[in-house]
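Enquirer: Mapping to the working numbering: the sequence shown position 253 is 246, numbers consecutive. Questions regarding the structure given below will be posed in turn.
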Amino acid sequence: MYPVNKFLSSYEFNGWTVSLHYKLPHQGWKIHVSATYKNYQTVLNHVVWLAEKMNFSFKFASSSKLVEKLLDTHSVRESGGKLITIYPKNQTHCLFLLKVFSKLLGRFPGPNVLSDNQFAGTDNISYRYGIFENKSSESLFYKGKSYEDKRLPYFVLPPFIKNDPFAKYVYPKKSTDPHWKNLHIEGAYKSTLGGGVYYGTYLKEKLIVLKEGRFGVGIGTDQAIAKRKNECQILDKLQGKHYPLVLGNFTTQNNYYLILQKITGLTYYEYFATNGPVVVEKNLCEKSMTDFIEVIKNLISVVAYAHRKGIILRDINPANVLVDTRTREVYFIDCADSIFIDSQSCEKIKTLWYTIPEKRYNTYAEDWTKVAWLILDGLGGVNRNLCLANYTQVREIFSKVIKYQGFSSNWLAIIEKLYTEENESTKVSQLLDNPQLKKVQTTINQNKKLGQLHLLESELNSYLLEALSERDRTLLAKFSNKTCKNVSKFIKNELQRFTCQDDMLYLKSGSVYSPYINGGAAGRLYILVILATKFELIELFPQLEKFLSKFSGRYVKNATISSGAAGLGMLMLYAYVITGNKEYLQYAYKWNELVEVLSFSLSGQKVWANYQFESKLDESFNNGNTGIRYFQSLLRGDNYEFKKGDKC
């Protein structure tokens, strides 16, 4: 996107075009001009015309992709809306330009820039103090000291500026709308450029969720306010059954707010990652499977109810479904993207991990396909292969996964019904009544006859260290320089933080429990072993080895080094090298069995699902196929030629 009139072009970078009429100072007051996607070209033309007349320096978003990113409803709040940045010469020049822009450009609608103060009488003209050319430095300087240029979703002055020199030109940001008197906001579930999702109370007693749609944010059919108004209309039709009840809505300062009944429970992802049959101890597995079947039945009822009301839910995913763990009731909590069946929408909701056939979008079949993927998620996360593998391949992987876990093969028929037919809620519910679904068989793996593997501790260390989370690397570096006494205390405290279930060790990571190298129990235990070895804390080794033995192999949904089976297998190889105990080698082979289960063929080559959702293979070491192949080569004793550059 370029202006129609000529302008002084100095250089371009990362989707920006810069026009310099004078040399920029390192820092100072700068002005942002926002716009909507519809009027941006017109606003840009006016700014460029003014620049030629008034000789001020500026930059603007010239790439369509950058413009879309800066206005995307899911974009970050700190930079959203900053389509044009003006660089005044000094404070006096800044005030002069603010007055000019407010008079000549202030009538154009645009989203508020949250990091700035809005100039009086405008939505689209704002200012803040900060660095002018970020390429030179990220620090502000004042009297020989450096300060961070904080980019926050609200206006903040650097420590060396006590008062805002333009404060008298700023309207108070606090809304006087009477609805706020009845609302008490306690926190936020999430905040994006399109608006926040907050929680609190309404009328001093009702627990509520407040959803915000910000003015001017969004592109095409993905308009923040339009989405929230659509959600209100959909929820009014659903009348609170299986869905949040609408308690009110209002518009203030151009933004739209939807007040909803708060529904408590775990997200579907949190539910199957903490209570599902994949993660519970084996003796609890059949009870967990019985509960899981009830959850799926209730989910089907939720979707069928919406369809009877003529509504396609569309964005069915593990974050938008809530499960009451006590009653196993299921609720759908985000209808912003839902549509009425006769809306003739051409928009396609691309749900992460939930790829579906093109012809199914915007039909009832879209919802049933996504219910099938929820089942795949809850019983093994197999849908994460969907971006690379076709349905036949995914079905085959799922078949291997449920066999590996001892789950009933009848789950295949349920997936098939949901995937292949238009509306099969009744027949699927009948299939869920099959008592065989509740049965879970315990498979006994025969021990493999083991030879001697010649592995290098230093080589294993180099790869495992790189796969660690940043937090674990920082902890290792920190305690490597502490005293023996401090390290011993740290290790003992950390050992108390692990959660042990059956044959797996977990560490709480966010809202779920992780066993993995990157951010999970395996990574933390690994650094504890390194520290205990370095400081010769012999008395701690029996407990450390006891915990290492808990990684003897069970199902995880990924095969990668950082967050999957290959990484856990690598940890067992490391334990084998430092202890000489072949039991750890046996565990490594068990993890390799799962690595094989999670593989599929693509263009004649054995591959595994990406750690991140992408349509092409990830061949990196930590999160892709290279590391998995390397782990398997170690088990085979191959002379695997591996270049350090392959890690990236």
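Ideal placement from N, C-alpha and C gives every residue a C-beta, glycine not left out.
On the three-state DSSP scale, how would you describe M497?
Expert: strand
Enquirer: Output the boundary residues of the beta strand (DSSP E) element that contains W22.
Expert: Q20 to V26
Enquirer: Starting from R121, follow the beta strand (DSSP E) in both directions and report where the run begins and ends.
Expert: That run of the beta strand (DSSP E) goes I118 to I124.
Enquirer: Please report the residue range of the beta strand (DSSP E) in which A54 lies.
Expert: S50 to A54
Enquirer: Would the region 202 to 211 count as touching the region 265 to 281 if we require 3 or more Cβ pairs under 8 Å?
Expert: no
Enquirer: According to DSSP, is C641 part of a helix, a strand, or is it coil?
Expert: For C641, the predicted structure reports a pLDDT of 34, less than 50, and the residue's modelled location is therefore unreliable. The matter cannot be settled from this model.
Enquirer: Going residue by residue through the region 237 to 277, where are the continuous beta strand (DSSP E) segments of at least 3 residues, counting only ones entirely within it?
Expert: 239 to 245 and 248 to 254
Enquirer: Are G371 and F265 touching if we call contact CB-CB under 8 Å?
Expert: yes
Enquirer: Taking a contact to mean a Cβ-Cβ separation below 8 Å, would you say T644 touches L411 in this structure?
Expert: Lying before the first or after the last residue shown, residue 644 is absent from the chain, which here runs from -6 to 641.
Enquirer: Is S129 helix, strand or coil by DSSP?
Expert: Here S129 scores only 49 on pLDDT, less than 50, and its place in the model is too uncertain to base an answer on.
Enquirer: Taking just the CA atoms, how far does Y354 sit from I305?
Expert: Rounded to whole angstroms, I305 and Y354 show a C-alpha spacing of 10 Å.
Enquirer: Does the distance from the C-beta atom of K16 to that of G123 stay below 8 Å?
Expert: no
Enquirer: Pick from N247, L133 and R100: whose alpha carbon is nearest that of S168?
Expert: N247
Enquirer: Taking contact to mean at least 3 C-beta pairs separated by less than 8 Å, is the region 34 to 51 in contact with the region 134 to 150?
Expert: Cβ pair count under 8 Å is below three, so no.
Enquirer: So, for D170: in the same chain, excluding its five sequence neighbours on each side, which residues have a beta-carbon less than 7 Å away from its beta-carbon?
Expert: F243 and T245
Enquirer: Only counting the same chain, and skipping five residues up and downstream in sequence, which positions put a Cβ closer than 8 Å to that of H14?
Expert: L1, A44, N48, F49 and S50
Enquirer: For A113 versus Y195, is the C-beta spacing smaller than 8 Å?
Expert: no
Enquirer: Does the Cβ-Cβ distance between S402 and I408 come in under 8 Å?
Expert: no
Enquirer: Cα separation between W646 and L533?
Expert: There is simply no residue 646 to check, as the chain begins at -6 and stops at 641 in what is shown.
Enquirer: Count the other C-beta atoms from every protein chain shown that fall within 10 angstroms of the C-beta of R464, then say buried if there are 16 or more, exposed otherwise.
Expert: Burial call: exposed.
Enquirer: From the DSSP output, read off the bridge partner residues of P601.
Expert: Note that residue 601 corresponds to Trp in the displayed sequence, not to Pro. Bridge partners of W601 according to DSSP: S592.
Enquirer: Are the C-beta of T85 and some C-beta of chain D separated by less than 8 Å?
Expert: You won't find chain D in this structure, because it holds only one protein chain.
Enquirer: Under the rule that 16 or more other beta-carbon atoms within 10 Å means buried, what is S592, buried or exposed?
Expert: buried
Enquirer: Taking the straight line between their C-alpha atoms, what separation do you get for L238 and G99?
Expert: 38 Å
Enquirer: Measuring alpha carbon to alpha carbon, tell me which residue in D611, D426, T476 and P508 is nearest L524.
Expert: T476
Enquirer: Could you pull the start and end residues of the alpha helix (DSSP H) that H39 belongs to?
Expert: Y33 to M47
Enquirer: Which parts of the region 129 to 209 are runs of the alpha helix (DSSP H), unbroken and 4 residues or longer, counting only runs that do not cross its ends?
Expert: 172 to 175
Enquirer: Compute the beta-carbon to beta-carbon distance between I286 and V421, rounded to the nearest angstrom, for a pair I have assumed lies under 8 Å.
Expert: Not a contact, Cβ separation roughly 11 Å.
Enquirer: Give the DSSP-derived three-state secondary structure of W361 in the structure shown.
Expert: helix
Enquirer: Quick one: grab the DSSP three-state call for V505.
Expert: strand
Enquirer: Count Cβ pairs between the region 53 to 61 and the region 69 to 78 that sit closer than 8 Å; are there 3 or more?
Expert: yes
Enquirer: Between the beta-carbon of H663 and the beta-carbon of V295, is there less than 8 Å?
Expert: The requested residue 663 does not occur in the structure, where the chain is confined to residues -6 to 641.
Enquirer: Smallest Cα separation from T320: which of R517, R466, L561 and G258?
Expert: G258
Enquirer: Candidates N310, A514, Q445 and K341: which alpha carbon is nearest G374's?
Expert: N310
Enquirer: Quick check: the Cα distance between S504 and T526, rounded to an integer number of angstroms?
Expert: 32 Å
Enquirer: Does DSSP put R622 in a helix, a strand or coil?
Expert: helix
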